[in-house]
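Going line by line, the protein sequences match chains B and C.
For the first sequence, our numbering assigns the number 31 to the initial residue and increments by one for each residue that follows.
For the second sequence, our numbering assigns the number 178 to the initial residue and increments by one for each residue that follows.
Input: a single structure, listed below in structure tokens.
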Amino acid sequence: MTSPETTARSGPGPQPSLTVRGLRKTYKGGFTALHGLDLEIPAGSFFGLLGPNGAGKTTLIGSVCNLVIPTAGEIRVFGFDHDSREARRLVGLCEQDVNLDRFLSIFEILVYHAGYHGLGRREARQRARELMDVFRLSDKASNRANELSGGMRRRVLFARALMHRPSLLILDEPTAGVDVELRVELWEYIRGLNTDGTTVLLTTHYLEEAEELCEEIALIRSGRIVARDTAERLRLDFGAADIAEVYAQAMAAPEAQWGATA
Amino acid sequence: MSATPSESAIPTTSGVVDGHFRATRSPFSWLVEREVVRYLKIWHYSLLGPIVAAVLMLVVLGLALDHKVVGAGGVPYDRFIAAGLIAQAVLTTAYYNGSTTLFEGRRDRYINDVLASPLRWWEINLAVVIAGISRAILTFIGMLVVTLLIVGGTIERPLVLILGLAGMTLLAAQFGVLCGIYVRSMDHLSMMQNLVVQPITFLGGTFYTLAQLPHAWRVITQINPMFYIVQSLRIGMLGSGDIPAARALGVVWGVALVLSAWSLLLFRSGRGLKD
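Right under this line is the structure:
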């Protein structure tokens, strides 16, 4: 094990925040969601993963976060096996579905989440107050999730994912159904985190959002990465005017051409 | 680990120090706290409900039949059924805690927050079981106090009572955990409660002795784990029962350990909890 100082001095750059090799997932019933998927996300990047419903995005994220049992393959988070406590501690997940503990208040949801990641009570409470302030939830601290609007619940999901200061933040369609004003605010905040060194993995159906935010974009189709590059290079490679056109071409291309630009 | 994790991209505030997870406070203790807070928030339903229901049974059946029916060894009928009613309430409480907390967490998917965290699989299982046991013990204490006030009596064999209580709460909590993993809907959960748990508890010898039953029912009763649970509490409270204390405790702890092993295997594999 090398210390941060040693690594910095000896030259080699940091390991990728996420390394996925040969990841396959076949669900009970025979549906294969991931077909030996390979993916590497550099530390500190803002990475977009685009694909239609059923392409395997959520299965991939679930596998990384130990919510899905992969059939085969290897997943590493900053070099740690994804199943290790270290890897779990380093990942923050904002899920597509609103899944908030209905027995707890918003404040408690945040505090317990921090606790599950090893924070002490004082630090957890302080961090919860800080994030409730950031996401303008302070006056809802004692409310339960079912008493909040959809937008408010989304804010709680964001705050919860950030409670333990993850090094890899995974956002699975986080702005679905969120109004424009909140989206702009959220992205501003997440961009700031990324600037400070947090790696962000984003899946979204808002293609223009991905184009604007992400340094790199991967297109996933039927459980495989079919193209990956910066938005600009993808546009050039596909001869497309924007990322929406790239997406349309990649999703319509015959299977034989998959990976030609990846 | 085949690769050496790079820490240069990991900030010092991450909770991973020198390649190892470091916690200011154990995640396990947080989960235990959350599970206890959950049932305390609904105390009128989770704690008071079972006590009131059992006390009503004791009053209606025990006092009404007290002069007409005599329990084993000449014990007044209300004292005779008290142990069984306590066992019923405790078993149902521990079972219900595990089954509902896991089922609701799975249904609403907020269990993902726990599954994705650094909590180990056995810590999650243990936290849910500890919460179920603590809820059952609170129910037991409440029931015992009320029962002693209503029907009187003393604890004749405290050690048997404690060992029996520990075994039965573990058994019921793990049974609840297993149901919480296997059930697919609220209907399944209700079905388990009405068609499995309730018949088992009512046919477990709460209201009668083995000697009062025809041969076939005697055999059926002795297949039922609830019979041994009731016996261990009855022996603990009254000093004697239909079978020796060692046999009652042996069966209760045997079943509890088998269910624990089954439950732990499921948590280890993630089956039923993860996709």
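By construction, the Cβ of each residue, glycine as well, lies at the ideal position given by its N, Cα and C atoms.
Just so you know, these numbers come straight off a predicted model, no measurement behind them.
Task: Under 8 Å by beta carbon: chain B residues contacting C/Ser-362 - done: None at all; the shortest Cβ gap to chain B is about 17 Å.
Open item on the list: For chain B, check one thing: does any of its Cβ atoms lie closer than 8 Å to the Cβ of C/Pro-215?
Closed with: The sequence shown places Arg at residue 215 of chain C, rather than the Pro named in the question. Taking Cβ atoms only, chain B reaches closer than 8 Å to C/Arg-215, which makes this a yes.
- [ ] Compute every distance between the C-beta of B/Arg-258 and the non-hydrogen atoms of the ligand HEM, then say whether any falls below 7 Å.
- [x] As presented, the structure is devoid of all ligands, the ligand HEM included, so that no description of it is given.
Task: Three-state class that DSSP yields for B/Phe-165 in the structure shown - done: coil
- [ ] Using only alpha-carbon positions, find the residue among C/Gly-357, C/Ser-409, C/Pro-253 and C/Val-214 that is nearest to C/Pro-335.
- [x] C/Ser-409
Open item on the list: Less than 8 Å between the C-beta atoms of C/Ala-293 and B/Leu-97, yes or no?
Closed with: yes
Open item on the list: Given this structure, state the Cα-to-Cα distance separating C/Thr-383 from C/Ala-260, to the nearest angstrom.
Closed with: 7 Å
Open item on the list: If I follow the unbroken beta strand (DSSP E) through B/Thr-49, where does it start and stop?
Closed with: 48-56
Open item on the list: By the three-class DSSP mapping on this structure, what secondary structure does B/Glu-245 have?
Closed with: coil
Task: Contact list for the region 55-80 of chain B against chain C, Cβ threshold 8 Å - done: Flagged, chain order: Tyr-57, Ala-73 and Gly-74.
- [ ] State the beta-bridge partners of B/Phe-77 as determined by DSSP.
- [x] B/Leu-231 and B/Glu-246
Open item on the list: Just list the residues that DSSP pairs B/Asp-202 with in beta bridges.
Closed with: B/Thr-233
Task: The alpha helix (DSSP H) enclosing B/Asp-127, as first and last residue numbers - done: Taken as a continuous stretch (DSSP letters only), B/Asp-127 belongs to no alpha helix (DSSP H), as it is neither H nor E.
- [ ] With B/Asp-259 as the anchor, note down where its beta strand (DSSP E) starts and where it stops.
- [x] 254-259
Open item on the list: DSSP three-state label for B/Phe-110, please.
Closed with: strand
Open item on the list: Short of 7 Å Cβ to Cβ, which residues in the region 275-293 of chain C face chain B?
Closed with: Asp-285, Arg-286, Tyr-287, Asn-289, Asp-290, Val-291, Leu-292 and Ala-293
- [ ] Would you check if the region 424-438 of chain C and the region 339-358 of chain C touch, i.e. whether three or more CB-CB distances between them fall below 8 Å?
- [x] yes
TODO: Check whether the Cβ atoms of B/Leu-149 and B/Arg-159 sit closer than 8 Å, and answer yes or no.
DONE: no
Open item on the list: Excluding the 5 residues flanking B/Arg-106 on each side, which residues of the same chain have their C-beta closer than 6 Å to its C-beta?
Closed with: Thr-49
TODO: Step through the CB atoms of chain C and report whether any lies within less than 8 Å of the CB of B/Arg-183.
DONE: no
TODO: Give the interface partners of B/Ile-21 over in chain C, defined as CB-CB distance under 9 Å, in chain order.
DONE: Here chain B comprises residues numbered 31 to 292, so residue 21 of chain B is not present and cannot be evaluated.
Task: Per-residue contacts from B/Glu-125 into chain C (C-beta, under 8 Å) - done: Arg-286 and Asn-289
- [ ] Count the other C-beta atoms from every protein chain shown that fall within 10 angstroms of the C-beta of B/Arg-115, then say buried if there are 16 or more, exposed otherwise.
- [x] The residue in question, B/Arg-115, is buried, as its Cβ has 16 or more Cβ neighbours within 10 Å.
Task: Closer than 8 Å to chain C by CB, B/Gly-180 - done: no
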